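Since the structure comes first, as structure tokens, the remarks are kept for the end.
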Amino acid sequence: MRKLENSELDRKSIEDFKKSEKTPLILVLDDIRSLHNIGSVFRTADAFLIEKIILCGITATPPNKEIHKTALGATETVAWEHHENVLEVIENLKKENILTMAIEQVESSIFLQDFKIEKNQKYALVFGNEVFGVAQEAVAICDGCIEIPQLGTKHSLNIAVSAGIVVWDLFQKINWANNN
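The sequence shown maps to residues 790 to 969 in this note's numbering.
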């Protein structure tokens, strides 16, 4: 077994990325404090051709040196926008018939492994602050909540890790779940 060189990885150019068909997911980041977490989510979004990231509240925006450290250029490929109010963002997404799902531990949440993708449906995934999670007001107006099962003594994950887990799960369900 030989590790592949970067030149062998068939990477898209920025222009090719922008022209590519996107995965029907929008990531909503609300009040994310860590610039490294923001950059990591951009990098994940690039890896899985995510349609867009919506940055809300105090979440910093590119260009930013600290975001760039972990994004490694993904802020140049992934579409993004900033809005002050996450509640308005969620309401507007719902008006566009986009299913809004908070990623949070709540009553009646759906465990990630049990979440079923609807064909031809676009989803917005709402991720919250590192300390407080998704605000209760945002949870209340989302169409539902997805929970990542956790079995250890800690019942929280870093937001960038959570985004990676959920995006990968939904990406593979969208692309390969019925192709066995």
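Note that beta-carbon positions come from the ideal geometry of N, C-alpha and C, so glycine has one too.
Remember, predicted model here, so these are calculated numbers, not experimental data.
Under the three-state DSSP convention, the category residue i falls into
i	result
A929	helix
K908	coil
T812	strand
H825	helix
H872	strand
A849	coil
D820	coil
Alpha-carbon spacing of residue i relative to residue j, whole angstroms
i	j	result
S809	I963	16 angstroms
D805	A836	13 angstroms
C934	D819	15 angstroms
T866	H872	19 angstroms
I803	K858	18 angstroms
L798	K792	11 angstroms
N910	P851	The residue you asked about is not Asn; residue 910 is Gln in the sequence shown. Rounded to whole angstroms, Q910 to P851 spans 29 angstroms at the Cα level.
Q961	K883	24 angstroms
V928	E936	12 angstroms
L959	N826	20 angstroms
E877	C931	11 angstroms
N969	V920	The pLDDT assigned to N969 is 43, lower than 50, so where the model puts this residue is not dependable; a value taken from the coordinates is nonetheless given after this. C-alpha separation (whole angstroms): 40 angstroms.
T812	L838	6 angstroms
For residue i, the first and last residue of its enclosing beta strand (DSSP E)
i	result
I954	Counting along the chain, I954 falls outside any beta strand (DSSP E), though it belongs to the alpha helix (DSSP H) covering 948-965.
Enclosing alpha helix (DSSP H) for residue i [first to last residue]
i	result
T889	Element bounds for T889: not the alpha helix (DSSP H) but the beta strand (DSSP E), 888-892.
A924	Counting along the chain, A924 falls outside any alpha helix (DSSP H), and DSSP gives it neither H nor E.
T859	854-860
Check: residue i C-beta below 7 angstroms from any heavy atom of the ligand PLP
i	result
S802	In the structure shown, the ligand PLP is absent, as is every other ligand, since no ligand is present at all.
> Is there contact here, the stretch 827-834 with the stretch 947-957, by at least three beta-carbon pairs under 8 angstroms?
Replying inline: Inter-segment contact for the stretch 827-834 and the stretch 947-957 is present: three or more beta-carbon pairs are separated by less than 8 angstroms.
> Is the stretch 904-911 close to the stretch 842-859, with three or more CB pairs under 8 angstroms?
Replying inline: No, they do not touch.
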